[in-house]
Each structure stands twice: as C-alpha cells, then as structure tokens.
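What follows is a short report on a single structure.
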Amino acid sequence: MEEKPKMNDDAFRFADELGPLKIIHVYEPTINLKAVLVVDNIAKGPSIGGIRMATDVSTEECFRLARSMTLKNAAAGLPHGGGKIVLYGDPKMPKPEKEKLLRGMASALRNEETYIFAPDMGTDEECMAWIRDEVGRVVGLPRELGGIPLDEIGATGWGLSNVAEVAVRYCDFELEGASYVVQGFGAVGKNVSRFLNERGAKLIATSDSQGAIYNQDGLDIKALLELKNAGKSVADSSLGTCINRDDLIDIECDIWIPAARPDVIHEDNVGRLNTRLIIEGANIPITHAAESMLYKKGITYVPDFIANAGGVICAAMEYHGANESSAMAAIKEKLMRNTEQVLERAKQKNIEPRQAAIELATDRVKKAMSYRRFSSFSTAPEFL
Ligand code: NAD
Numbered sequence: 002m003e004e005k006p007k008m009n010d011d012a013f014r015f016a017d018e019l020g021p022l023k024i025i026h027v028y029e030p031t032i033n034l035k036a037v038l039v040v041d042n043i044a045k046g047p048s049i050g051g052i053r054m055a056t057d058v059s060t061e062e063c064f065r066l067a068r069s070m071t072l073k074n075a076a077a078g079l080p081h082g083g084g085k086i087v088l089y090g091d092p093k094m095p096k097p098e099k100e101k102l103l104r105g106m107a108s109a110l111r112n113e114e115t116y117i118f119a120p121d122m123g124t125d126e127e128c129m130a131w132i133r134d135e136v137g138r139v140v141g142l143p144r145e146l147g148g149i150p151l152d153e154i155g156a157t158g159w160g161l162s163n164v165a166e167v168a169v170r171y172c173d174f175e176l177e178g179a180s181y182v183v184q185g186f187g188a189v190g191k192n193v194s195r196f197l198n199e200r201g202a203k204l205i206a207t208s209d210s211q212g213a214i215y216n217q218d219g220l221d222i223k224a225l226l227e228l229k230n231a232g233k234s235v236a237d238s239s240l241g242t243c244i245n246r247d248d249l250i251d252i253e254c255d256i257w258i259p260a261a262r263p264d265v266i267h268e269d270n271v272g273r274l275n276t277r278l279i280i281e282g283a284n285i286p287i288t289h290a291a292e293s294m295l296y297k298k299g300i301t302y303v304p305d306f307i308a309n310a311g312g313v314i315c316a317a318m319e320y321h322g323a324n325e326s327s328a329m330a331a332i333k334e335k336l337m338r339n340t341e342q343v344l345e346r347a348k349q350k351n352i353e354p355r356q357a358a359i360e361l362a363t364d365r366v367k368k369a370m371s372y373r374r375f376s377s378f379s380t381a382p383e384f385l
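Right under this line is the structure:
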C-alpha cells in the first residue's frame, strides 16, 4: 500500500475530489488579527461566502461552511464557487477595534481574487463598507453604496414562499387556504410569513426566543410585525393563545417552517411534528437522522441549502449590478426550478430530498470542473 506523506496529513486533512483549493491563515499580532479563509472550489466562478466573526470559530468549521457554500451556490445556479472566512473575536467588541480587524483582514487578502467578501454571523453591511473601502470586492453593502438590503426586502423569505409554491404540488395540496407554522419570527420568518399570507395561506402559530403564539383562525401578520418593530415578543400579543415556545412543534399544520436555530428538530422530537411539508428556512435546522425519519414517514422536506438560497442569490445579483426587482425575479425563477428538480429527482430515484440536492449540486460543480484546465481552478483572465 502506498504510504501517505506524513508532513501533508494535517494540511490536507479536508482534501477530497472537490477541494478545498486554498486554506489561508491570516495573522497580524499588532492588531490581534487571526482569521482563516477557505476557498473551496471555484470551477463555477469566484467564490462567495460570508465572514463569520466569533470567539470560538475553527479552520474545520470554516472548511465545512465553505463546502456548503460550494454546494449552495451550485444548486442555486450561480456562476460562483464556495468560500468562507472565520474571523476570531467578539463581534460586539468596540467598533474602532472591530473596524481595524476587518480592514486589516481585508487588506491582507487584497490579492485573493478567487474570494468575494460577504456578511455572515457577526458581520453586517457596515463591515462590508469598510472592506469595500480597502479592496472593493464585496457584496452585502449598504444601500448608499449600491447594496441590496436583503433582510429589509425579505430575499430569503421570498425564496421560501416560491419553494412552497412548487413543493405543495408534491404533497397534493394547494397553497391557497393551507395552514403554516413559522419557528422564529425574525428576518427570515417575518418575511416568509408575509409572502405566504399574500398567496392565501394562513399563519396559525409562530415563535421567537421569548415565546410562541397560536390561533387556529389565523394570526394577524401586520399586527405581529408592528409588535416586533416595537421591540416586543410575539408572545406579548393578544392575537391568539400564548403557548410554550418549544411546543410549536406539536401544532398540526400543512407546512412547518423552521427559521430560527440549527438542530431544533432531532431524533428525540421529530416524531412530534404533525405536518405534511417542511421547508427549511434556517441553516441545518433538522439533523440528518431526523430528516431520514421524516422521509420514511412520508413527510416531504426541502433541504436548507436549496430552500434558503434567496439571500445568496440576492448577494450575487448585487455583485453583478442588478437592482432589487431583478434580484427578486431571479430568486423566484431559480428557486422554483431547483425545488422542482430536487423533488422530482428524489421521487424518480426514490431517494431523500437531501441526497437528491447534493447529487444535483455536485453534478453541476463536476460539470464546471470538466471545462477547466486544472479542474477546480482556472487561470482564465476573469480571475487575474
Ligand atoms: P434573526 O436573528 O433575524 O431571527 C431569528 C429569530 O429566531 C428571532 O426572532 C429569534 O428571537 C428567534 N429564535 C431564536 N431562538 C429561538 C428558539 N429557540 N425558538 C424560537 N425562536 C427562536 O435571524 P434570521 O436572519 O432570520 O436567520 C434565521 C435562520 O435562517 C438562521 O439559521 C440563519 O442562518 C438562516 N438564514 C438566514 C438568511 C437571511 O437571509 N437572513 C439566509 C439563509 C439562512
């Protein structure tokens, strides 16, 4: 058996058929800057993926997030590969310190043209404006700098509502008159609630970190939005019956939408869901084991990286100079087509939607790799 070179074991521990192309550690002791950039695969184009700022991030997390961006961008049909940055530090540190770190990091990565900076947990549009000032290559900018404020316009929620439009056809019911439950009435949850309601569906329960509210006749979304804008919890309203936050899972409904935290549905509580369709708004809201259990029970689910791609499509459209309305049109078109392709493939091949989605995305990346001189990267002028 061929012996692996020992020296390389550690540096190449993530390497597989898709990438990662590069892992760059950034270190500048004078400003306490420590960051990692992973550019996973750029066969489809320069990578896009956000900067996650936290005190407990790691190179491994960065690689896993970069890989999920490769698949997400490919599944969304974007001419972009996947990358990610983790930046060590407390995102709530004093602003001048944070600005110094972000500017230092951007400056250190000035020539990494295969990566386009974007926001993620712990970074926002102001951070992107600092990066724009340093290097230019960035998405998620403030409106004043040509950005499309994706949470304000509800890009991800809009995407989810279009996913629902297609997915209900695979569950034999209509959106008009269907009941739905949204876990997490935040940027994603509020907007998907609004857009589904406009299509005639009825929000019967929702939650935030403080509590949950339930009304079988339908909740008044406008009133809930006003409440949230006033800094209150959905549980502070008198629009329905207040229930325990985590009992939202028991509410019988046609569509259940997780839009809060990772891993909220797992093997121990998945059996409590009483629904026909799940559309994953949050990232990894359901463990893989629980997804398999849903599948076996005949409950359809649309996996996160297919369903919640509205945000990244919006960011890519911003990068290519689009305005808000063309970004929203692209989200609709891409997500309806992808949902159809994933659910159709799952049905035809008798496989889980997640497996179908991974196959679809991987096929697209491999096809793009086949056009390249060096498969996962390129020296074509667009990157120079
Ligand atoms: P947000 O902070 O605006 O909203 C999250 C909401 O969930 C808040 O209302 C919060 O109170 C609530 N919440 C927190 N813990 C809860 C719990 N245990 N039970 C019920 N509610 C709880 O965040 P967001 O931008 O809406 O993102 C939500 C999820 O969607 C995250 O997983 C995020 O990674 C994912 N996501 C967001 C986008 C986007 O465009 N914002 C895009 C793709 C994926």
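The opening position of the sequence shown corresponds to residue 2 in this note's numbering, with each subsequent residue numbered one higher.
Virtual Cβ for every residue (Gly too), placed ideally from N, Cα, C.
It should be emphasised that the depicted structure is a prediction, and the values quoted were computed from it without experimental measurement.
Proximity test, residue i beta-carbon vs the ligand NAD heavy atom, cut-off 6 Å
i: Val189; result: yes
i: Ser208; result: yes
i: Ala260; result: yes
i: Ala75; result: no
i: Gly185; result: yes
i: Asn192; result: no
i: Arg273; result: no
i: Gly312; result: yes
i: Ala224; result: no
i: Asp152; result: yes
i: Thr71; result: no
i: Thr157; result: yes
i: Arg111; result: no
i: Asn309; result: yes
i: Asn284; result: yes
i: Arg246; result: yes
Distance between residue j and residue i (C-alpha atoms, nearest Å)
i: Tyr116; j: Arg277; result: 40 Å
i: Thr124; j: Asp134; result: 16 Å
i: Glu127; j: Arg138; result: 14 Å
i: Tyr171; j: Ile214; result: 29 Å
i: Cys254; j: Glu61; result: 38 Å
i: Tyr302; j: Ile280; result: 6 Å
i: Ser327; j: Gly185; result: 28 Å
i: Val140; j: Ile86; result: 14 Å
i: Val167; j: Arg65; result: 29 Å
i: Lys368; j: Asp237; result: 52 Å
i: Asp305; j: Ala109; result: 32 Å
i: Met106; j: Met129; result: 12 Å
i: Phe15; j: Leu22; result: 10 Å
i: Cys243; j: Leu204; result: 15 Å
i: Trp159; j: Val235; result: 21 Å
i: Met337; j: Ile307; result: 10 Å
i: Cys63; j: Ser371; result: 26 Å
i: Phe174; j: Glu325; result: 31 Å
i: Glu319; j: Arg273; result: 41 Å
Assigned exposure category for residue i - 16 Cβ within 10 Å defines buried
i: Phe384; result: The predicted model places Phe384 with a pLDDT of 44, which falls under 50 and marks its position as unreliable, so this point remains unresolved.
i: Asp17; result: exposed
i: Asp218; result: exposed
i: Pro382; result: Note that Pro382 scores a pLDDT of 47, beneath 50, so its modelled location is shaky; the value from the coordinates is reported in the next line. Exposed.
i: Phe118; result: buried
i: Asn351; result: exposed
i: Ala260; result: buried
i: Gly46; result: buried
i: Ile32; result: exposed
i: Pro95; result: exposed
i: Ser194; result: buried
i: Glu153; result: exposed
i: Asp121; result: buried
i: Lys297; result: exposed
i: Glu145; result: exposed
Check whether residue i and residue j have beta carbons under 7 Å apart
i: Val182; j: Ala206; result: yes
i: Ala389; j: Ala362; result: The shown model of the chain, from 2 to 385, leaves out residue 389, and the question about it has no answer.
i: Leu220; j: Leu197; result: no
i: Ala77; j: Ile314; result: yes
i: Gly83; j: Met70; result: yes
i: Lys333; j: Asn192; result: no
i: Lys73; j: Ala310; result: yes
i: Leu396; j: Trp131; result: Missing from the structure shown is residue 396; the chain here goes from 2 to 385 and no further.
i: Ser377; j: Asn42; result: yes
i: Val39; j: Ala67; result: yes
i: Ile250; j: Asn270; result: yes
i: Arg373; j: Ala44; result: yes
Cβ of residue i within 7 Å of any chain D Cβ
i: Asp134; result: Chain labels in this structure do not include chain D; a single protein chain is all it has.
Touch test, the stretch 263 to 270 against the stretch 220 to 238, Cβ-Cβ under 8 Å, three pairs minimum:
no
Whether or not the stretch 207 to 221 and the stretch 270 to 290 are in contact is what I'm after, with contact meaning three or more pairs of Cβ atoms, one per stretch, closer than 8 Å; do they touch?
no
Would the stretch 18 to 34 and the stretch 342 to 350 be scored as touching if the rule is three or more Cβ pairs under 8 Å?
no
For the stretch 43 to 57 and the stretch 89 to 100, state whether three or more C-beta atom pairs, one from each stretch, are separated by less than 8 Å.
yes
Give a yes or no on contact between the stretch 39 to 53 and the stretch 328 to 342, applying the rule of three or more CB pairs nearer than 8 Å.
no
Contact between the stretch 173 to 181 and the stretch 352 to 361 is defined here as three or more beta-carbon pairs at a separation below 8 Å; is this criterion met?
no
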